[in-house]
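Notes to accompany the following structure.
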Ligand code: HBI
Ligand code: FE
């Protein structure tokens, strides 16, 4: 939350003409690196969404052009914001099918890691999945649910659902695992780590389990949850969370490195990356 908002919904003009040649060059580096690596790693829906969008290697996309493809497809649109916005502002946008995207781009010294969501994370990572009708409904439902969870004081429980799906989700496809989370799809190193590294746990997605599991915001995830199908998000968008909040609100959270007896394990992580050895 960097700049004081001029509008109550925190939106700003994308200011496309103020991007420098260096900004576009950063986009190009990131874009070409991901597009070369994602085939066989990103799920089909991500690839299809990307193909139907006006994204080019050599320039940061214009949000008005993206919206010409996105609006007729799923009723979503991208709006520009200066960076992280307050939770209630964020949720209100999502509940109304507006995706707030940072308008700035990281600099060439921060290609692999930055704290705030920039235009590469938000547009390259999130917008292709917003072309998918199932994901489109799911994120809208998350926005509405987020406003409720905030009022009930249980937002951390719901935020984990978003984190382990929309941001860092994996899905079974073509007899293997594919990535669909935007936090992964926009990160070269984590796209490799989440699928190829022996270190992290990869468990079947189970809602209550996910709602109890802490996550890392400063490093690769120690655990990834795997949907059987993206269509599972349809049911997830219709879940009545009230009884889950009741049950879970006073339970301790689980550390992300821990595997439980009832977990369905696709891959048990060695833990080597985060803990320097097997446990
Ligand atoms: N703001 N621009 C932006 N992008 C986000 O992903 C975002 C945010 N504000 C709050 C937020 N995410 C999360 O804290 C919620 O999903 C819980
Ligand atoms: Fe994101």
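Numbering (the working numbering), first residue to last: 3 to 281. Built from N, CA and C at the ideal position, the CB exists for glycine as well.
Item to complete: Compute the Euclidean distance between the alpha carbons of residue 299 and residue 146, then round it to the nearest angstrom.
Response: This structure cannot settle anything about residue 299, because the visible part of the chain is limited to 3 through 281.
Worksheet item: Quick one: Cα of residue 203 to Cα of residue 122, how far?
Response: 27 angstroms
Worksheet item: What did DSSP end up calling residue 116 once you bin it into helix, strand or coil?
Response: In this structure, residue 116 counts as coil in the three-state DSSP scheme.
Fill in: Option nearest residue 349 by Cα separation, candidates 179, 201, 166, 174
Residue 349 is absent from the model: the chain starts at 3 and stops at 281.
Fill in: Cα-Cα separation between residue 235 and residue 140, rounded to whole angstroms
If I take the Cα positions, the gap works out to 6 angstroms.
Worksheet item: Sorry if obvious, but does the Cβ on residue 89 come closer than 7 angstroms to a heavy atom of the ligand FE?
Response: no
Worksheet item: Of the choices 46, 24, 42, 157, whose alpha-carbon is the least far from that of residue 233?
Response: When each option's Cα is compared against that of residue 233, the closest is 46.
Worksheet entry | Proximity test, residue 124 beta-carbon vs the ligand FE heavy atom, cut-off 7 angstroms | For the ligand FE, at least one heavy atom lies less than 7 angstroms from the Cβ of residue 124.
Worksheet entry | Same chain only: Cβ atoms within 8 angstroms of residue 77, ignoring 5 sequence neighbours per side | 99, 138
Worksheet item: Just how far apart, CA to CA, sit residue 229 and residue 79?
Response: 26 angstroms
Discussion item. Per the DSSP calculation, residue 203 is bridged to which residue(s)?
Written reply: Beta-bridge pairing links residue 203 to 225.
Discussion item. Counting beta carbon pairs with one atom in the region 12–19 and one in the region 147–157, are three or more of them shorter than 8 angstroms?
Written reply: no
Worksheet entry | Between the CA atoms of residue 66 and residue 21 - distance to the nearest angstrom | 15 angstroms
Item to complete: Count the C-beta pairs between the region 42–59 and the region 110–117 that are closer than 8 angstroms, then say yes if the count reaches three, no if not.
Response: no
Worksheet item: Based on the DSSP secondary-structure assignment, which residues constitute the bridge partners of residue 20?
Response: None, per the DSSP bridge assignment.
Item to complete: Classify residue 281 as helix, strand or coil using the three-state DSSP reduction.
Response: Only weak support exists for where residue 281 lies, its pLDDT of 48 falling under 50; the value from the coordinates is given anyway. Here residue 281 sits in coil by DSSP.
Worksheet item: What three-state label does DSSP hand residue 95 in the structure shown?
Response: helix
Item to complete: Please find out if some non-hydrogen atom of the ligand HBI comes closer than 7 angstroms to the beta-carbon of residue 164.
Response: Yes; taking the cut-off as 7 angstroms, the Cβ of residue 164 has a heavy atom of the ligand HBI nearer than that.
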